[in-house]
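See structure below.
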Amino acid sequence: MPLTPLEALDAPPVAVEVVLLRHDSAGGFSYRQLVTALRKGMCPDQAARGLALLGDGDDTHVVHSTSWRATRQGGITLTYLVHPDPAPDHPGTPLPDPHVIARSPRPGHPTPPALEMGHVVAHAVRHLAFLEGTDPAIATHLATHPELVRSLRSLPSTTAGEFQYA
Numbered sequence: 025m026p027l028t029p030l031e032a033l034d035a036p037p038v039a040v041e042v043v044l045l046r047h048d049s050a051g052g053f054s055y056r057q058l059v060t061a062l063r064k065g066m067c068p069d070q071a072a073r074g075l076a077l078l079g080d081g082d083d084t085h086v087v088h089s090t091s092w093r094a095t096r097q098g099g100i101t102l103t104y105l106v107h108p109d110p111a112p113d114h115p116g117t118p119l120p121d122p123h124v125i126a127r128s129p130r131p132g133h134p135t136p137p138a139l140e141m142g143h144v145v146a147h148a149v150r151h152l153a154f155l156e157g158t159d160p161a162i163a164t165h166l167a168t169h170p171e172l173v174r175s176l177r178s179l180p181s182t183t184a185g186e187f188q189y190a
């Protein structure tokens, strides 16, 4: 059902969050997180590319939406993964265990009670692992990063939301 003009004015704010992913064989995964408000009339993809300082013609980076979540304030955060980090000299945050999956213990309450940024990034990394095996354009990009591909292939093969049918 479409929103009335009054409801549209009360729409929750939307944030675009970018996880700039790094990987090296010795240190594993690390990331930087950048966030901006989605301005009226702006496409979320454009906002993500802008945060990462990627020009419209830059096709040397993966930019992929990996998840969304509601905020405690009633807004929505759209998460994008960008690889490689276009500014690897900036300080990053280690991702100690990309295998950790945040889950809710209650089937009727899907939001994990203790969701942290590390969970969001781990989900994004697992999403990238899924894409490496299913998306030819992303697989081609990742093929130039063999250590990253090796690490991605060590992750569980089923990403959140993926269904297996018999």
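Each residue of the sequence shown is one higher than the one before, counting from 25 in the working numbering. A virtual CB, placed ideally from N, CA and C, is assigned to each residue, including glycine. Because the structure is a prediction, the values reported are computed rather than measured.
query = Would a C-beta distance cut-off of 8 Å place A146 and L119 closer than the cut-off?
reply = yes
message = With a threshold of 6 Å on Cβ separation, who are the neighbours of L30 within its own chain once the five nearest residues in sequence on each side are excluded?
response = Residue placement at L30 is poorly supported in this model, since its pLDDT is 47, which falls under 50; the coordinates are not used for a value here.
Residue range of the beta strand (DSSP E) that includes H47 = DSSP places H47 inside the beta strand (DSSP E), whose first and last residues are V38 to D48.
ask   = If you draw a straight line from the alpha carbon of R174 to that of P108, how long is it in whole angstroms?
value = 16 Å
ask   = Tell me, which residues are paired with S178 by DSSP?
value = Its beta-bridge partners do not exist; DSSP assigns none.
query = By DSSP, does Q70 sit in helix, in strand, or in coil?
reply = Helix, per DSSP.
request  = Could you check what DSSP says for L152 in three-state terms: helix, strand or coil?
outcome  = helix
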